[in-house]
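**Q** For the sequence shown, my numbering begins at 39 and goes up steadily by one. Got a structure for you, questions after.
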Amino acid sequence: MSEASSNLIPKSLFYSYSHEDEELRNELEKHLSLLKHQGIIREWHDRQILGGEEWKYEIDENLENADIILLLISASFHASDYCYTKEMDRALERHDAGEAVVIPVILRDCDWHSALYGKLQALPKDGKPITGPAWHNRDEAFTDVARGIRAVVSKKKRQLK
39 MSEASSNLIP KSLFYSYSHE DEELRNELEK HLSLLKHQGI IREWHDRQIL GGEEWKYEID
99 ENLENADIIL LLISASFHAS DYCYTKEMDR ALERHDAGEA VVIPVILRDC DWHSALYGKL
159 QALPKDGKPI TGPAWHNRDE AFTDVARGIR AVVSKKKRQL K
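Here it is in structure tokens:
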């Protein structure tokens with residue numbers, strides 16, 4: 039039996055990340071699986087692009103239609119021209135226009151506060167990196183991120199009522 043509520047339309051969630059951080063994205067995806075099973079979110083990332091599909095079109099289309107855009111932040115994200123100049127720029131445009139919510143998720147310690155997205159409240163709590171010493175273990179940090187995303191979706195639902 040599914041936990042999904044019949045009257046709940048899942049929020050589409052887009053992962054913007056460097057492939058060097060794929061292992062951490064996979065871990066985050068596991069921690070968000072309850073939200074997916076409950077019909078609260080549906081996720082998309084570029085590893086879902088099938089052979090023969092136009093990757094740029096698929097990324098652009100999913101970025102344009104996302105309700106929530108996660109920027110998975112690390113030095114590798116900053117070093118990726120595609121992540122930093124294409125995906126992040128468009129994500130912030132949509133955020134500023136009220137079309138989507140952009141949430142920076144700090145994976146690894148890096149100089150992120152002065153970035154364009156540095157004005158946004160980051161997850162986990164207090165912008166402490168998931169891989170940093172502030173957490174007893176990664177599960178604790180990823181759980182904090184999952185709770186933060188649940189809170190964002192809940193707030194959006196209340197605003198629509």
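Beta carbons: idealized from backbone N, C-alpha and C, even for Gly.
List the residues that DSSP assigns as beta-bridge partners of Phe52.
**A** According to DSSP, which records beta bridges pairwise, Phe52 is partnered with Trp82 and Ile107.
**Q** Using the C-alpha atoms, what's the distance from Asp182 back to Lys94?
**A** Each residue's alpha carbon lies about 32 angstroms from the other.
**Q** Run through DSSP, which three-state label would Leu161 get?
**A** Reduced to three states, the DSSP call for Leu161 is strand.
**Q** What number of angstroms, rounded off, separates the C-alpha of Pro142 from the C-alpha of Trp82?
**A** Taking the straight line joining both Cα atoms gives about 16 angstroms.
**Q** Would you be able to state if there are at least three C-beta pairs under 8 angstroms between the segment 46-53 and the segment 68-88?
**A** With the cut-off at 8 angstroms, the segment 68-88 and the segment 46-53 touch.
**Q** Near Asp59, what residues of its chain come up, given a Cβ to Cβ distance below 8 angstroms and the 5 sequence neighbours on each side ignored?
**A** Closer than 8 angstroms at the Cβ level, and outside the excluded window around Asp59, lie Leu110, Ser112, Ser114, Phe115, Leu145 and Arg146.
**Q** Is Ile187 buried or exposed, if buried means 16 or more other CB atoms sit within 10 Å of its CB?
**A** By the 10 Å Cβ count, Ile187 comes out buried.
**Q** Out of Gly136, Val139 and Gly165, which one is the CA nearest neighbour of Trp150?
**A** For Trp150, the nearest C-alpha among the options comes from Gly165.
**Q** Fully enclosed by the segment 120-175, which beta strand (DSSP E) runs are 3 residues long or longer?
**A** Listed in chain order, they are 139-144.
**Q** Given Leu70, which residues of its chain have a CB within under 6 angstroms of its CB, disregarding the five upstream and five downstream residues?
**A** Here the set comprises Ala184.
**Q** Would you kindly check if the distance between the Cβ of Cys121 and the Cβ of Ser54 is under 8 angstroms?
**A** Yes, the Cβ-Cβ distance between Ser54 and Cys121 is below 8 angstroms.
**Q** Which residues mark the beginning and the end of the alpha helix (DSSP H) in which Ser71 is found?
**A** Unbroken alpha helix (DSSP H) run through Ser71: Ser71 to His75.
**Q** What's the call for Pro171, buried or exposed, on a 16-neighbour Cβ count within 10 Å?
**A** Exposed is the call here.
**Q** From Lys74 to Lys157, what distance separates their C-alpha atoms?
**A** Cα-Cα distance, rounded: 28 angstroms.
**Q** Quick one: give me the first and last residue of the alpha helix (DSSP H) that His116 is part of.
**A** Its alpha helix (DSSP H) spans residues Ala113 to Ala117.
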